[in-house]
Amino acid sequence: AQSVSQHNHHVILSEAASLELGCNYSYGGTVNLFWYVQYPGQHLQLLLKYFSGDPLVKGIKGFEAEFIKSKFSFNLRKPSVQWSDTAEYFCAVNARSQGNLIFGKGTKLSVKP
Amino acid sequence: DAGVIQSPRHEVTEMGQEVTLRCKPISGHNSLFWYRQTMMRGLELLIYFNNNVPIDDSGMPEDRFSAKMPNASFSTLKIQPSEPRDSAVYFCASSRQVANTEAFFGQGTRLTVV
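In the order they appear, the protein sequences are chains U and G.
Mapping the first sequence onto the working numbering, position 81 (from 1) lands on 412, and the numbers just tick up by one.
Mapping the second sequence onto the working numbering, position 48 (from 1) lands on 93, and the numbers just tick up by one.
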């Protein structure tokens, strides 16, 4: 079965700092990869996704992620964070041979104004 | 598109009572997921359905939990009897059952068992 590890539980940054959130998955087969964001008190929303092709994917609000197959990683990046990026970020993996969608435990991002 | 609709948004119940959470997936989606979110355990997949059939319920914590999907537009998650440790936010999500699609989440039901 697949699993997802997110390395950081809580990240605190100042506005304009660069962001990188780690995500590693364990599954030997072909996967789809996702980053979701959950703003305080809200439901999860898709930030970006990787299915195939260019391993560097761009999402909404200036976020991007890079799929490195050899490292089983899908790290999320943003060059310059804003206070409004304060939220919890979840990495997720879907094994194409299966129908489930497994999430990491999430990384809480706090951006100080 | 109304999105995934969950009801109720909030539920407060006493220990021992039966609780039923409801979900209406996006029309045309034929995969449905139930998740539980807590501070301690994060976002856990409880069960998912494809074409109304439960595929994997290994995440259901115990026999007190049951889920049904009688048709393509409705699913329920029932807890009977409820316990304080069931307090959490329960999310329903749906997706198309094709290779490259994402799941869309409902607003969640915040359950408090006192």
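Every residue, glycine too, gets a C-beta built ideally from N, C-alpha and C.
Please read these numbers as outputs of a predicted model, since none were measured by experiment.
Query                                                                                                                                                                         : Result
Quick one: Cα of G:G104 to Cα of U:Y356, how far?                                                                                                                             : 18 Å
With H, G and I counted as helix, E and B as strand and the rest as coil, what does DSSP make of U:D416?                                                                      : helix
Rounded to whole angstroms, how far is the Cβ of G:S127 from the Cβ of G:Q62, which I believe are closer than 8 Å?                                                            : 6 Å
Have a look at U:V412 and U:A348 and give me their C-alpha separation to the nearest angstrom.                                                                                : 6 Å
Is the distance from the Cβ of U:L364 to the Cβ of U:N431 below 9 Å?                                                                                                          : no
Give me the subset of the segment 58–92 of chain G whose CB atoms are less than 9 Å from a CB atom of chain U, sorted by chain position.                                      : S76, F78, Y80, Q82, R86, G87, L88, E89 and L90
Do you know offhand how far U:F382's Cα is from U:G353's?                                                                                                                     : 18 Å
In terms of DSSP beta bridges, what is U:T361 paired with?                                                                                                                    : DSSP lists no partner for U:T361.
Chain G beta carbons: is any one of them nearer than 9 Å to that of U:H374?                                                                                                   : yes
So what does DSSP say about G:I92, is it helix, strand or coil?                                                                                                               : strand
In angstroms with no decimal places, state the Cα-to-Cα distance between U:G437 and U:A423.                                                                                   : 10 Å
Taking only the alpha-carbon atoms, compute the straight-line gap between G:F150 and G:V134 and give it to the nearest angstrom.                                              : 12 Å
Sort out for me which residues DSSP pairs G:E107 with in a bridge.                                                                                                            : None, per the DSSP bridge assignment.
Using a 10 Å radius around the Cβ and a threshold of 16 neighbouring Cβ atoms, would you call G:L91 buried or exposed?                                                        : buried
Taking buried to mean at least 16 other C-beta atoms within 10 Å of its own C-beta, is G:Q125 buried or exposed?                                                              : exposed
Nearest CA to the CA of U:V342: which residue from U:A418, U:L379 and U:Y370?                                                                                                 : U:A418
May I ask which residues mark the beginning and end of the beta strand (DSSP E) holding G:D101?                                                                               : V98 to D101
Taking 9 Å as the CB-CB limit, is U:Y370 close to chain G?                                                                                                                    : no
Enumerated in chain order, which unbroken segments of the beta strand (DSSP E) with a length of 3 residues or greater are wholly contained in the segment 370–425 of chain U? : 375–381, 387–389, 395–399 and 404–409
When DSSP labels each residue in this structure, what does G:P129 get in the three-state scheme?                                                                              : helix
For G:I100, go through chain U and note every residue whose CB falls closer than 9 Å to its CB, in chain order.                                                               : Q429, G430 and N431
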